[in-house]
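Here's the structure, in structure tokens; my notes come after.
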Amino acid sequence: MNKRRTAIALVLALAVAVAQQHACSLASAAAGPRVIVVGAGMSGISAGKRLSEAGITDLLILEATDHIGGRMHKQNFGGINVEVGANWVEGVNGEKMNPIWPIVNSTLKLRNFRSDFDYLAQNVYKEDGGVYDEAYVQKRIERSDEVEDSGEKLSATLHPSGRDDLSILRCNGSTIST
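Quick note, the sequence shown lines up with residues -21 to -1, 1 to 157 if you use mature numbering (1 follows the signal peptide of the UniProt record, and there is no 0).
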């Protein structure tokens, strides 16, 4: 629940910061570009470095977790440190190939495994050891699918321009509501 609250707070803070930047852009236009990079994973850190090298030094990198590196980190699992994420490249087979695959594979020569998730509910492991009950996992997978479907339906009802969004801006002590 803390991660969800942190993520929501990050999104709200980002929305306010971006809106404030937009509302105050006339006052600070002479100062040059101001940039917010979302995420301190490999892409976010790389973007910050490139922006800095290009002379854009008024930038802020926001990270929702308590560490940098994104998916590149280890987790203690049943007494063993396991590298979490950044160990695989998804979307290497199909009509649209993940653009990172040719870059990664040109130097690392990775093996290619196909995953169809047929046995996912039977293979979800508890952090402290053992396997979760298949019916328990299947219910959570189904609920996740329901939430995803509801989100898609809700987003389809919103105007693409974002005009239904509510923004509250703060510039030089005054509050602007749009």
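Cβ atoms here follow ideal geometry from the backbone N, Cα and C, with glycine treated the same way.
Fair warning: this is a prediction, and the values are worked out from it, not measured in the lab.
Euclidean distance between Cα positions of glycine 48 and aspartate 112: 32 Å
Outcome for glycine 34 when other beta-carbon atoms lying within 10 angstroms are tallied against a minimum of 16: exposed
Cβ-based burial, glycine 109 [other Cβ within 10 Å; buried from 16]: exposed
Cα-Cα separation between valine 17 and alanine 100, rounded to whole angstroms: 32 Å
Reference valine 63; option with closest CA among Val116, His52 and Glu42: His52
Beta strand (DSSP E) segment containing isoleucine 15, residue limits: 14 to 17
Other residues of its chain near serine 134: CB distance less than 7 Å, five sequence neighbours each side excluded: none
Residue from Thr36, Asp45, Val14 and Glu32 with nearest C-alpha to glycine 20: Asp45
Short Cβ contact (8 Å threshold) for leucine 30 with leucine 38: yes
CB of residue 178 within 8 Å of CB of leucine 41, strictly: Residue numbering for the chain in the displayed model covers -21 to 157; residue 178 lies beyond these limits and cannot be assessed.
Assigned secondary structure, asparagine 84 (DSSP; H/G/I helix, E/B strand, else coil): helix
C-beta atoms of aspartate 107 and glycine 57 nearer than 8 Å: yes
Residues that DSSP places opposite valine 116 in a beta bridge: According to DSSP, which records beta bridges pairwise, valine 116 is partnered with nothing at all.
Extent of the continuous beta strand (DSSP E) run through isoleucine 40: 38 to 41
Selection from Asn55, Ser25 and Thr36 that minimises the alpha carbon distance to lysine 105: Asn55
Range of the contiguous alpha helix (DSSP H) that encloses lysine 28: 21 to 32
Collapsed DSSP secondary structure at isoleucine 79 in the structure displayed: helix
DSSP bridge partner residues for valine 103 (one or two, in chain order): According to DSSP, which records beta bridges pairwise, valine 103 is partnered with nothing at all.
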